[in-house]
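Student:
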Amino acid sequence: PFSLMNIIGKNVSLVVRRKSVASHNLLVLHDELELPIGKCKMRQNLSFKGHNGLKSIGSSLGKTDFFRIGIGIDRPTSRDPNVVA
């Protein structure tokens, strides 16, 4: 299923139920502003730190025990839409 990242939870929940996957066996890859470009960090059962896509998944599943890997994209130095891609 295709959806915007910020509202992906409904689709993730649907696949998890259809495939009978336990939430603690789910692995979500996501962008991470707080990590340098390319650096990765694996987490489970921690705060979503404002990431709306992760919040959507947690809310739809009703659980936060899924694994996630944050892939660093670095925080932009400018908020100017002509500079930030």
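Numbering (this note's numbering), first residue to last: 284 to 368. For every residue, glycine included, the Cβ atom is placed at its ideal position computed from N, Cα and C. The structure displayed is predicted, hence computed values, not measured ones.
Apart from the five residues on each side of it in sequence, which residues of its chain come closer than 8 Å, Cβ to Cβ, to V304?
Tutor: Along the sequence shown, one-based indexing puts residue 304 at 21. Closer than 8 Å at Cβ, skipping near neighbours: V298.
Student: May I ask you to report which of helix, strand or coil DSSP gives G355?
Tutor: Residue 355 sits at position 72 when you count from the first residue of the sequence shown. Looking at G355 - three-state DSSP - the assignment turns out to be strand.
Student: Using only the alpha-carbon positions, how far apart do K293 and N365 sit?
Tutor: Numbered from its first residue, the sequence shown carries residue 293 at position 10. Numbered from its first residue, the sequence shown carries residue 365 at position 82. Going by the C-alpha atoms only, they are around 33 Å apart.
Student: Alpha carbon to alpha carbon, how far is I352 from C323?
Tutor: What you label residue 352 is simply residue 69 of the sequence shown in a count that begins at 1. What you label residue 323 is simply residue 40 of the sequence shown in a count that begins at 1. Their Cα atoms are separated by approximately 7 Å.
Student: Flag K346 as yes if its beta-carbon sits less than 8 Å from any beta-carbon of chain D, otherwise no.
Tutor: Here there is only one protein chain, and chain D is not present.
Student: By a C-beta neighbour count over all protein chains shown, 10 Å radius and 16 as the cutoff for buried, is F349 buried or exposed?
Tutor: Working through the sequence shown from its first residue, we reach residue 349 at position 66. Buried.
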